[in-house]
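First comes the structure, then the notes that go with it.
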Amino acid sequence: MWRLKIAEGSSNDYLYSTNKFVGRQTWEYDPEGGSPEERAEVEEARLNFYNNRYQVKPSGDLLWRMQFLKEKNFKQTIAQVKIEEGEEITYENATTTLKRAVHFFSALQASDGHWPAENAGPLFFLPPLVMCLYITGHLDSVFSAEHRREILRYIYYHQNEDGGWGLHIEGHSTMFCTVLSYICMRILGEGPNGGHDNACARARKWIHEHGTVTHIPSWGKTWLSILGVFDWSGSNPMPPEFWLLPTFLPMHPAKMWCYCRMVYMPMSYLYGKRFVGPITPLILQLREELYAEPYNQINWKKTRHLCAAEDLYYPHPLIQDLIWDSLYVLTEPFLTRWPFNKLVRKKALEVTMKHIHYEDENSRYITIGCVEKSENGGLAAWEPAGAHKWLEVSS
Numbered sequence: 247m248w249r250l251k252i253a254e255g256s257s258n259d260y261l262y263s264t265n266k267f268v269g270r271q272t273w274e275y276d277p278e279g280g281s282p283e284e285r286a287e288v289e290e291a292r293l294n295f296y297n298n299r300y301q302v303k304p305s306g307d308l309l310w311r312m313q314f315l316k317e318k319n320f321k322q323t324i325a326q327v328k329i330e331e332g333e334e335i336t337y338e339n340a341t342t343t344l345k346r347a348v349h350f351f352s353a354l355q356a357s358d359g360h361w362p363a364e365n366a367g368p369l370f371f372l373p374p375l376v377m378c379l380y381i382t383g384h385l386d387s388v389f390s391a392e393h394r395r396e397i398l399r400y401i402y403y404h405q406n407e408d409g410g411w412g413l414h415i416e417g418h419s420t421m422f423c424t425v426l427s428y429i430c431m432r433i434l435g436e437g438p439n440g441g442h443d444n445a446c447a448r449a450r451k452w453i454h455e456h457g458t459v460t461h462i463p464s465w466g467k468t469w470l471s472i473l474g475v476f477d478w479s480g481s482n483p484m485p486p487e488f489w490l491l492p493t494f495l496p497m498h499p500a501k502m503w504c505y506c507r508m509v510y511m512p513m514s515y516l517y518g519k520r521f522v523g524p525i526t527p528l529i530l531q532l533r534e535e536l537y538a539e540p541y542n543q544i545n546w547k548k549t550r551h552l553c554a555a556e557d558l559y560y561p562h563p564l565i566q567d568l569i570w571d572s573l574y575v576l577t578e579p580f581l582t583r584w585p586f587n588k589l590v591r592k593k594a595l596e597v598t599m600k601h602i603h604y605e606d607e608n609s610r611y612i613t614i615g616c617v618e619k620s621e622n623g624g625l626a627a628w629e630p631a632g633a634h635k636w637l638e639v640s641s
């Protein structure tokens, strides 16, 4: 049974805290934990959520709420106030209702003073971490069998009726998150037709009906190129040389919104290196499953600007495509060949990696967000030396 532990941790070289780990939330699985009644209550909550998943998408944090209320032996002693249609709302009724709410939420307060909550909603948080651990070869050491089971459960329970996944749990199906979720299920051991309620087959059907993986947006193209399921020549350029420009120029990454900058930083490094993970039998299978034509016959140059209608929130301005095309046709061929690959690209990669390490150290290896963790403190930091220091931190 899963239990939420609060503010626990021991400082070491890779993990330390300036506030005694206040606010830290750690889920731990105890195979012997919980009474038969508690286990039955958890299973009932799961079943109820699954049966109503299309009407109520958020989980409501039921598992830890049940745990906290039971640990504190909570009893709601303030009677519920019911107001009939047309009845006047009195000061006493409002005060009683407020006291009842405060009494309940006080019981949900953690021992260190904060109120826990899940970090969920967007469906592109978890798959990149799974892909990152798969590429680095540390999937089994970080995720136990129970972790895998819960990740798959989360994916199954948020699959839309049409077989796809939205950008977030309330959203319509998109190519980006449908492909990421499909690959995540396959990495975690599901077969091409496996998964709860034929999850994989339904997802693959949606992908093929909406243009196949060639129509995944640019962020997806990057992740799939890193994984080896897409070719880098099918992605628009993300040159690391922008980090060499003077910071006063308007196109310097320092002028970007912080989240854009922190995504672009590791992406530009991995693009500049044309990094590709190990080509395993699973990767070869995914190349067959996700495309309508043989992988080695795809014209990758024509896929650069393709994007599924469901993912296209705003059409590309002509100037944006012209800049991409200029970088692709004119700039990249020079920067990837001697002597520019030694004089310019190498220097750009070194500067970018310096920024990556600075961000890791400055944020105490948390980084600005969970998506950036997989790229900035993950693959990009891991790639130069194949080290696993960042894995010890993130796990």
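Position 134 of the sequence shown, counting from 1, maps to 380 under the numbering used here, and the rest follow consecutively.
The beta-carbon is built from N, C-alpha and C at its ideal position, and this holds for glycine as well.
Because the structure is a prediction, the values reported are computed rather than measured.
Residue from the options with nearest C-alpha to residue i
i: N265; options: G255, W273 and D259; result: G255
i: L558; options: A356, R346 and M421; result: M421
i: F521; options: G474, R285, I324 and G412; result: G474
i: I415; options: Y505, I569, Y400 and Y428; result: Y400
i: S357; options: S481, Q271 and M247; result: Q271
i: E618; options: V302, Y510 and L552; result: Y510
i: L536; options: L595, M484 and R448; result: R448
i: N451; options: W465, N406, N258 and Y262; result: The sequence given here has Lys at residue 451, not Asn. Residue N406 is the option with its Cα nearest to K451.
i: P483; options: Y517, A500, R432 and E534; result: Y517
i: A555; options: S263, V459, A366 and D259; result: V459
i: I467; options: W546, L398, E317 and S263; result: In the sequence under discussion, the amino acid at residue 467 is Lys, which differs from the Ile named in the question. Nearest C-alpha to K467: W546.
i: P362; options: Y403, L375 and L309; result: L309
i: R550; options: S481, E287, T582 and V597; result: S481
i: R292; options: T323, M247, F267 and L315; result: M247
Residue i - DSSP class collapsed to helix/strand/coil
i: V639; result: Reliability fails at V639, whose pLDDT of 40 lies under 50, so the model's placement of it is uncertain and the value that follows must be treated cautiously. V639: helix per DSSP, three-state reduction.
i: L558; result: coil
i: R270; result: coil
i: L250; result: strand
i: W478; result: helix
i: P368; result: strand
i: W414; result: Looking at the sequence itself, residue 414 is His, so the reference to Trp does not match. Three-state DSSP puts H414 in a strand.
i: T420; result: strand
i: Y402; result: helix
i: Y275; result: strand
i: S620; result: helix
i: N258; result: coil
i: P397; result: First, the residue type needs correcting, since residue 397 is Ile and not Pro in the sequence shown. Three-state DSSP puts I397 in a helix.
i: W489; result: helix
i: V302; result: coil
Span of the alpha helix (DSSP H) around residue i
i: I569; result: L564 to S572
i: M508; result: C504 to K519
i: I529; result: P527 to E535
i: M599; result: K592 to N608
i: V348; result: Y337 to A353
i: Y296; result: P282 to N297
i: C553; result: Counting along the chain, C553 falls outside any alpha helix (DSSP H), and DSSP gives it neither H nor E.
i: G682; result: No answer is possible for residue 682: it lies beyond the span of the chain, which begins at 247 and ends at 641.
i: S464; result: S464 to L473
i: L576; result: Counting along the chain, L576 falls outside any alpha helix (DSSP H), and DSSP gives it neither H nor E.
i: E334; result: Run containing E334: none; DSSP gives neither H nor E here.
i: A447; result: A445 to E455
i: F494; result: No alpha helix (DSSP H) contains F494, which DSSP labels as neither H nor E.
CB-CB length for residue i against residue j, believed under 8 Å
i: C616; j: F371; result: 5 Å
i: Y515; j: L595; result: 6 Å
i: H418; j: G412; result: 5 Å
i: P374; j: S620; result: 4 Å
Cβ of residue i within 7 Å of any chain D Cβ
i: A538; result: Protein chains in the displayed structure number just one, and chain D is not present.
Cβ contact check for the segment 435 to 452 and the segment 346 to 354: 3 or more pairs under 8 Å: They do not touch, by the three-pair rule.
Does the contact criterion of 3 or more C-beta pairs under 8 Å hold for the segment 492 to 499 versus the segment 602 to 609? Contact between the segment 492 to 499 and the segment 602 to 609 is absent, because fewer than three Cβ pairs lie under 8 Å.
Whether or not the segment 298 to 306 and the segment 327 to 340 are in contact is what I'm after, with contact meaning three or more pairs of Cβ atoms, one per stretch, closer than 8 Å; do they touch? With contact defined as three or more Cβ pairs closer than 8 Å, the segment 327 to 340 and the segment 298 to 306 are not in contact.
Spell out a yes or no on whether the segment 526 to 535 and the segment 463 to 479 are touching, meaning 3 or more CB-CB pairs, one atom from each, closer than 8 Å. Enough Cβ pairs lie closer than 8 Å, so yes.
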